[in-house]
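A.B. asks: Numbered according to the UniProt record's numbering, the sequence shown spans residues 1 to 298.
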Amino acid sequence: MSDNYIRSNLKENVIYTDDNGLPIKSAVYALSQFPGMTGTCHWHNEIEIILIHDGSMDYYVEGNTYRLEKDSGIIVNTDRLHYAIPVKRSECIFDVLLFHPSLLTSNRIIHNKYVEPLLRDSQNDAIVLDNSAIWCTKNRELSKDILSVCRQKENGYEMRLQSMLPNFWLLLYENTVAVNGTRTNMSVSVASMKSMIEYIYGHYAEKISLDDIAAAGIMSRTKCCNLFRENMNQTPMEFITSYRIHKSIELLADNSLSVSEIAQECGFYGASYFAETFRKITGFSPRDYRKSLKNQTL
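1) Does H44 pass the burial test, meaning 16 or more other C-beta atoms within 10 Å, or should it be called exposed?
2) Should Y289 go down as buried or exposed, given a rule of 16 or more other Cβ atoms within 10 Å for buried?
3) In this structure, does DSSP put I208 in helix, strand or coil?
4) Express the C-alpha separation of R229 and L142 in angstroms, rounding to a whole number.
5) What do you reckon, are the CB atoms on S26 and L147 nearer than 9 Å?
6) Check G202 in the structure and name its three-state DSSP category.
7) Among residues of its own chain, excluding the 5 on either side of W169, which ones have a beta-carbon nearer than 6 Å to its beta-carbon?
8) In terms of DSSP beta bridges, what is S26 paired with?
9) Mapping DSSP to helix, strand and coil, what is V190?
10) Check whether the stretch 227–243 touches the stretch 185–201, taking contact to mean three or more Cβ pairs, one atom from each stretch, closer than 8 Å.
11) Of the choices I262, Y243 and T241, whose alpha-carbon is the least far from that of L251?
12) Going by Cα to Cα distance, which pick from R160, D71 and H111 is closest to R140?
13) Taking the DSSP output, what are the residues bridged to Y83?
14) So I245 is in the beta strand (DSSP E); what residue range does that whole segment cover?
15) For E12, which of I197, I249, Y269 and C136 has the nearest alpha-carbon?
16) With DSSP as the reference, label V76 as helix, strand or coil.
17) In chain order, what residues of the same chain have a beta carbon less than 6 Å from the beta carbon of E238, not counting five sequence neighbours either side?
18) First and last residue of the beta strand (DSSP E) that includes V115?
19) Are I50 and L68 touching if we call contact CB-CB under 9 Å?
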């Protein structure tokens, strides 16, 4: 999410929130926290669970979009391209739980038999937690319990998590891979999207052309534009602009940089154009947004 960062291999690096070093993170977000009410497209090594508190949103995972309503949720498998999208620009409040697969077991035999097959399964890039099946409802409730244990951090919570997470995973395994087997074919389109997004994330501060993006995905300009519209609901250039604004918001928290310097750092060659674009996407000028950040820390 917004308080993570993109490391050198361009996966998102999750900053864990557990004080004792467990590779797990829990947080509550509102879509209004994100520029344009849309999360940044990303992927990471962790398993991600989203639980909707209030409102609704669409969640994109590996070329598919899932409508999530209040009291539903979704599990996103590791290394899957995903991001949140508003429904009619309405607010959505949701819990996020991320944990590294290493928390499921340290036993290599168990990992190879029960964990790895589901992590690699292209049939289960995402699993919606609604009331369509009893096991989905059970796992949604178990997810809530895991979140509660993470946040309360009562004595012995680490041991409880070591019990609860494998139970959560076993219920998934029994109703997915154990029934349908494992498929490992990644969509060519998704692989191309990842390549093009990696290029953008690695070069957003530079001048980028449509030809550059299409070349990163080894495809024509037309195919590139069609893929972005199908998967991101944006043109490639709109996607670049959104990401540059996202990065500029991170830099606005650093008072050592002027607005002009931030504009240049993020690939906007002109402070006035940057300010105009920033206002169009966020509803604020960069300076007003920076002031709002200062007020939040008082």
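Ideal placement from N, C-alpha and C gives every residue a C-beta, glycine not left out.
C.D. replies: On the basis of the data shown:
1) Taking the sequence shown and counting its residues from 1, the one referred to as residue 44 is at position 44. Residue burial is scored here from C-beta neighbours: H44 has at least 16 other C-beta atoms within 10 angstroms and is therefore classed as buried.
2) Mapped onto the sequence shown, residue 289 falls at position 289. By the neighbour-count rule (16 or more Cβ atoms within 10 Å), Y289 is buried.
3) One-based indexing of the sequence shown puts residue 208 at position 208. Coil, per DSSP.
4) Position 142 of the sequence shown, counting from 1, holds the residue named residue 142. Position 229 of the sequence shown, counting from 1, holds the residue named residue 229. CA-CA distance, L142 to R229, rounds to 36 Å.
5) Position 26 of the sequence shown, counted from the start, is the residue given in the question as residue 26. Position 147 of the sequence shown, counted from the start, is the residue given in the question as residue 147. Yes, Cβ-Cβ distance for S26 and L147 is below 9 Å.
6) Along the sequence shown, read from residue 1 onward, the residue named residue 202 stands at position 202. Residue state, collapsed to three classes: helix.
7) The residue you call residue 169 lines up with position 169 of the sequence shown. Taken in chain order, the residues that qualify are L104.
8) For this step, residue 26 is matched to residue 26 along the sequence shown. Note: S26 is bridge-paired with L97 in the DSSP secondary-structure output.
9) Working through the sequence shown from its first residue, we reach residue 190 at position 190. Of the three classes helix, strand and coil, the one that applies to V190 here is helix, per DSSP.
10) yes
11) Residue mapping note: residue 251 aligns to position 251 of the sequence shown, counting from 1. Of I262, Y243 and T241, the residue nearest in Cα terms is I262.
12) Against the sequence shown, residue 140 aligns to sequence position 140. Among R160, D71 and H111, the Cα nearest to that of R140 is on D71.
13) Along the sequence shown, read from residue 1 onward, the residue named residue 83 stands at position 83. Y83 is bridged to Y60.
14) Position 245 of the sequence shown, counted from the first residue, corresponds to residue 245. First-last for I245: P236 to L252, but that is the alpha helix (DSSP H), not the beta strand (DSSP E).
15) The residue given as residue 12 occupies position 12 in the sequence shown. With distances taken between Cα atoms, E12 lies closest to I197.
16) Taking the sequence shown and counting its residues from 1, the one referred to as residue 76 is at position 76. V76: strand per DSSP, three-state reduction.
17) Looking up residue 238 in the sequence shown gives position 238. Counting only Cβ-Cβ distances below 6 Å, and skipping sequence neighbours, we find nothing.
18) Taking the sequence shown and counting its residues from 1, one reaches residue 115 at position 115. Segment: none, V115 is in no beta strand (DSSP E) and carries neither H nor E.
19) Working through the sequence shown from its first residue, we reach residue 50 at position 50. Working through the sequence shown from its first residue, we reach residue 68 at position 68. Yes. Within cutoff.
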